[in-house]
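Visitor: Sharing a structure with you now.
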Amino acid sequence: MAGSSVAKDVGLRALLPLVKGFLFGVVGFLAGSGLVAGVRALMGQDPWKLGPLLVVGYIFGLVGWLLGVGMWDYWVREWFGLSRKEEPSAGWGRFFRFCTDHKVIGVQYLVTFMVVLLLGGLLAVGMRVELMTPGRTIMGPGTYNTLMSLHGILMIAVAVAIIIGGFANFLVPLMIGCEEIAFPRINALSYWLIPPVAVLLLATPLMGGFETGWTAYPPLAVTNPRGELLFLLAFITFGFSSILGGLNFLTTIITLRAPGMTWFRLPIFVWSILAAAMISLTATQFVGFSLLTDVLDRVAGTSFYNSTQGGKPLLFQHLFWFYSHPAVYIMILPAFGIVLEVVSHLARKPLFAYRWVAGSFLGIVGLSFIVWAHHLFTSGMDERLHLPFMVTTELISIPTGMVFLAGLGTLWMGRLQLNTPMLFALGFFFNFLIGGITGIYLADVPTDLHFQDSYFVVSHFHYTIMGGEIFALLAATYYWFPKITGRMFSERLGRLHFWWMFVTYNLTFIPMFWTGLHGMPRRVADYPATLADTNWWVSVFAFLLAASFLVFVWNMVYSWVRGPVASANPWQARTLEWLTSSPPPHGNFPREPEVVGSPYDYGIPGAVHAVVGAAAGASNGE
Amino acid sequence: MEQRGLAAALRRGRWVFVALMVLTVVEFILLWLNIPRILFRFLLLVINGVDAGLILYYFMHIAQLWRKEA
Amino acid sequence: MAAHPSAIGWVPRPRLFINRVGLWLFILSESFLFGAALSSRYYLQGAERPPEVNQLLGLAITTVLLASSLSAYRAEMSAAHGHLSGLLRNLAATIALGLLFLIGVGVEWHEAFIYFPPADPYGTVFFTTTGLHAFHVLTGVIALSIVLYLGRDGRFTHGNYWGVEGAVKYWHFVDVAWVFIYPTLYLVR
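Protein chains in written order, with the numbering used here: chain A, 216 to 837; chain B, 435 to 504; chain C, 25 to 213.
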């Protein structure tokens, strides 16, 4: 991989950009907060008011961090007429610096968010310890609320970013046959916005924590301790990163498809990323604005949500859910793409109803913008809005159902290879069916009035996001592991992980529907004593569920270092990423690929998806 | 390159600016006339839609996205 | 972005088209941000507006911003036709008009603090929306200044003027946003 002629980082010097970023960040923070203190002193106000110092200091610190970690060297120097530095194109140091290679960024995202996923899981274990018995078990309600809120926002961040940031970054340019993403530097920027988010979120407990959950509803968000402010700033930064990512994927898919890669020859995963990127490009601005209004109410003395001054707290819920409902489709659409991809290649069958699926994805995007107020059925919203939002919400089950049926149609009469990625994809279908059906009760106003804010809701969205997206994520991790690392994982441990996780997962979350129906409120550290037995068992299974990830981590880490070397195409799959070496070289393909057919024509004699270079003669026909 | 093309482009820009200014002044005058609220709001919507359309089409060349350039 | 050294045999990508698509998508995204700000105004306030809003100043800063859009357009057209001095002159004019607009907003804020401070319901919307917009104007002024600085030796006039085009498009977008903010904050009743 590393040639002797390419620039390369050696030894610990490779970590220098991180140190530099940190120092620049600190300097930026001091400069920003100093500026505010100075301006406020000049205007005759108390210069040491902490809110404005933190906000402006953070903005300057963020810019400093980005400049230090590499934006200055590889980008901003250009704006001052200076020459840009040459980027190292090999060596492990690339993973710890501002690097514009989409495959490096993909791995950066994947590893970072896998760590965050495990961290969020540990927080959930903490919550389940507290919930083992009614009343106080090990922590007070304030601590529990902070724990719950942190678990929420960390997992939301994972769910939004891990597939788009990780797998889409790594795979979309490969799958559409181009050498790099449309805006590589913006791509690197969106990754390097993430570490400050993590630092801020982990610092919230030091500043009094925050108790609003990840939804940051005012007026609590305005009156909560200062940890809330850090959380708001972190979330806004994360949203910015998500917007830039969406912009990059849309531009890449629109403009950089290889010759012959027409819209209906795109692998379905690329379609799902296209659809998800549409949402994250546009709707995310609304959550950014809603959180900004929270910040302004806290720091600048505006009264968006101060009802004594004429503010309306309900405005926040509209702005917030205008993003945050579509956001669940940012999470689940790529998951759909992954399972359909895995199912088609591993069942050796053409993807059933391909065009209908692509259309359904776009239909989901369109509908996702007009359903948000179903989160407000019990919030005191005008009752005339109940019916229209109930109808639009239930309409969305039509395209979703079509995607589901396309998956089943692909499995039907297929020659299934029941290996680890396939098992996780099948697990997805099972879990998502439960998640989808229970969602209907929450979309229906009459039932939702009773289920709102109970554990029924908790179980429902964990079935769609954890049982759905995370199972798809794991399917993708196993399926593309050989492509990304160039090594093979242990199939035996992979299956062990699947069965262990699948069983404990269902044993954890099925009883939660029951506790929800019997009145267990979500986001509260306590519950009626009659539910004690069930909760004790739920906690035990939750611990076992968490333990299943030890198998996963061991399998991944050990196989990455010691696993057997993988071939270029271990699954005999037909999409373009398998036509290059594992891991792919810098620049992805030896020659520009030319696409001549559908990626899913299994069983059709002589069908070819793509040819890479006439001279090389490599193709993926059967 | 040819100066005539530039002169024509600059002339077009001036006309667009004049149109934008006229529309803005019309808005401003409408504010002081006592016309019904609904009509006023409707007119504002139309005028600003035209404003935005002019800028998008003539100043931002939105047609570049789907029209091949000569 | 140049192609990677290891990538041989790639058909050259239409870089200009890629940049344009990216910028238009960014503009689409930003219009949602202003959409959120404007819809909040109607949700919180309906079409209410205090009588102290300075109508003449509003008209004046609108005129300044529209004029800056004209000079930005002239700058881009000059670059497209290889007219360096026209490019530099018009860029400088655009930056000056942008700064004049910011001064106008500053004066407006100074008055607004007296009649409808941020804690006031109208003040909340007024300061947030104009502040958001002024921040975009400021970033636009910075972008145009960078283009002016880089373009002084004529690098943008040889059929390769994406730097000018990008900054100018962004500037026009800031103008389009104001076209909707102006009636929302000053005119509607």
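Note that beta-carbon positions come from the ideal geometry of N, C-alpha and C, so glycine has one too. This structure is a prediction, so every number in the text was calculated from the model and none was measured.
May I ask you to verify whether the stretch 329-338 of chain A touches the stretch 356-372 of chain A, counting CB pairs closer than 8 Å and requiring at least 3?
Guide: The stretch 329-338 of chain A, when compared against the stretch 356-372 of chain A, does touch it at the 8 Å Cβ threshold.
Visitor: Per the DSSP calculation, PRO736(A) is bridged to which residue(s)?
Guide: The partner list for PRO736(A) (beta bridge, DSSP) reads SER669(A).
Visitor: Among the residues of its own chain, which have a CB less than 7 Å from the CB of GLY624(A), if the five just before and after it don't count?
Guide: PHE567 and ALA568, listed in sequence order.
Visitor: According to DSSP, is GLU598(A) helix, strand or coil?
Guide: DSSP places GLU598(A) in helix when its eight states are reduced to three.
Visitor: Indicate whether at least one CB of chain A lies closer than 8 Å to the CB of LEU57(C).
Guide: Yes, its Cβ sits closer than 8 Å to a Cβ of chain A.
Visitor: Could you round the C-beta distance between ALA374(A) and VAL554(A) to whole angstroms and report it? I think they count as a contact, below 8 Å.
Guide: That belief does not hold up - the Cβ atoms of ALA374(A) and VAL554(A) are roughly 15 Å apart, past 8 Å.
Visitor: Ends of the alpha helix (DSSP H) at ALA691(A)?
Guide: Unbroken alpha helix (DSSP H) run through ALA691(A): 686-700.
Visitor: Could you tell me the alpha carbon to alpha carbon distance between VAL414(A) and PRO420(A), rounded to whole angstroms?
Guide: Rounded to the nearest angstrom, the two C-alpha atoms are 11 Å apart.
Visitor: With the cut-off set at 8 Å, would you say ARG44(C) and LEU499(B) are in Cβ contact?
Guide: Yes, the Cβ-Cβ distance between ARG44(C) and LEU499(B) is below 8 Å.
Visitor: Between which two residues does the alpha helix (DSSP H) holding VAL212(C) run?
Guide: From DSSP, VAL212(C) is part of no alpha helix (DSSP H); its letter is neither H nor E.
Visitor: Quick one: list the residues of chain C neighbouring ARG445(B), beta-carbon separation under 9 Å, in chain order.
Guide: Those do not exist, as ARG445(B) stays about 10 Å from chain C at its closest Cβ, beyond 9 Å.
Visitor: Is LEU447(A) buried or exposed, if buried means 16 or more other CB atoms sit within 10 Å of its CB?
Guide: Result: buried.
Visitor: Below 8 Å on C-beta distance, what does VAL165(C) contact in chain A?
Guide: What VAL165(C) touches in chain A: nothing, since even the nearest Cβ is about 14 Å away.
Visitor: Residues of chain A with CB closer than 7 Å to the CB of ILE170(C), please, in chain order.
Guide: Within 7 Å Cβ-Cβ: TRP294.
Visitor: Does the count of Cβ pairs from the stretch 691-702 of chain A and the stretch 750-763 of chain A closer than 8 Å reach three?
Guide: No, the stretch 691-702 of chain A does not touch the stretch 750-763 of chain A.
Visitor: Alpha helix (DSSP H) containing PRO470(B): first to last residue?
Guide: It is not in any alpha helix (DSSP H) - PRO470(B) carries neither H nor E in the DSSP assignment.
Visitor: Grouping DSSP H, G and I as helix and E and B as strand, with all else coil, what is ARG39(C)?
Guide: It is helical.
Visitor: Taking the runs of the alpha helix (DSSP H) that are 4 residues or longer, which of them lie wholly in the stretch 624-663 of chain A?
Guide: Complete alpha helix (DSSP H) runs here, min 4: 635-658.
Visitor: Can you tell me whether ALA305(A) is helix, strand or coil according to DSSP?
Guide: Looking at ALA305(A) - three-state DSSP - the assignment turns out to be strand.
Visitor: For MET735(A), count neighbouring C-beta atoms within 10 Å of its own C-beta (all shown protein chains included) and say buried if the count is 16 or more, exposed if not.
Guide: By the 10 Å Cβ count, MET735(A) comes out buried.
Visitor: Closest by CA to ILE488(A), which one among PRO808(A), LEU465(A) and PHE519(A)?
Guide: It is LEU465(A).
Visitor: Are any of the Cβ atoms in chain A nearer than 8 Å to that of LEU126(C)?
Guide: So no, LEU126(C) is outside the interface.
Visitor: Taking ALA515(A) as the query, report the chain C residues whose CB atoms sit under 8 Å from its CB, ordered along the chain.
Guide: Simply PRO142 and PHE151.
Visitor: Of the residues TRP263(A), ALA246(A), ASP261(A) and THR315(A), which one's Cα is nearest the Cα of GLY272(A)?
Guide: Among TRP263(A), ALA246(A), ASP261(A) and THR315(A), the Cα nearest to that of GLY272(A) belongs to ALA246(A).
Visitor: Since PHE125(C) contacts LEU89(C) with CB under 8 Å, what's their CB separation in whole angstroms?
Guide: Going by Cβ atoms, the distance from PHE125(C) to LEU89(C) rounds to 5 Å, so yes, they are a contact pair.
Visitor: Quick one, are the C-beta atoms of LEU62(C) and THR208(C) less than 8 Å apart?
Guide: Going by C-beta atoms, LEU62(C) is nearer than 8 Å to THR208(C).
Visitor: Helix or strand or just coil, what does DSSP make of VAL810(A)?
Guide: Correct three-state label for VAL810(A): strand.
Visitor: So which residues of chain A does THR118(C) contact, with C-beta pairs closer than 7 Å?
Guide: Near THR118(C) there are no residues of chain A at all, since even the closest Cβ is about 18 Å away, more than 7 Å.
Visitor: So the beta strand (DSSP E) VAL826(A) belongs to, where does it begin and stop?
Guide: Element bounds for VAL826(A): 825-827.
Visitor: Extract the residue ranges of the alpha helix (DSSP H) inside the stretch 507-584 of chain A, only unbroken runs of 4 or more that lie entirely within it.
Guide: Qualifying alpha helix (DSSP H) stretches, in chain order: 528-561 and 569-583.
Visitor: Starting from ALA339(A) and walking both ways along the alpha helix (DSSP H), at which residues does that stretch end?
Guide: Per DSSP, ALA339(A) belongs to the alpha helix (DSSP H) from 317-345.
Visitor: From the DSSP output, in three-state form, read off VAL242(A) for me.
Guide: DSSP places VAL242(A) in helix when its eight states are reduced to three.
Visitor: Please determine, among PRO474(A), ARG513(A), MET258(A) and LEU444(A), the residue with the shortest C-alpha to C-alpha distance to VAL826(A).
Guide: Among PRO474(A), ARG513(A), MET258(A) and LEU444(A), the Cα nearest to that of VAL826(A) is on PRO474(A).
Visitor: Return the chain-ordered list of same chain residues with a C-beta closer than 8 Å to the C-beta of TRP133(C), the five sequence neighbours on each side being excluded.
Guide: Contacts found: PHE151 and THR154.
Visitor: Could you check if HIS665(A) is buried or exposed, using at least 16 other CB atoms within 10 Å of its CB as the buried criterion?
Guide: It is exposed - the Cβ of HIS665(A) has fewer than 16 other Cβ atoms within 10 Å.
Visitor: Express the C-alpha separation of ILE409(A) and LYS235(A) in angstroms, rounding to a whole number.
Guide: Approximately 17 Å between the Cα atoms of the pair.
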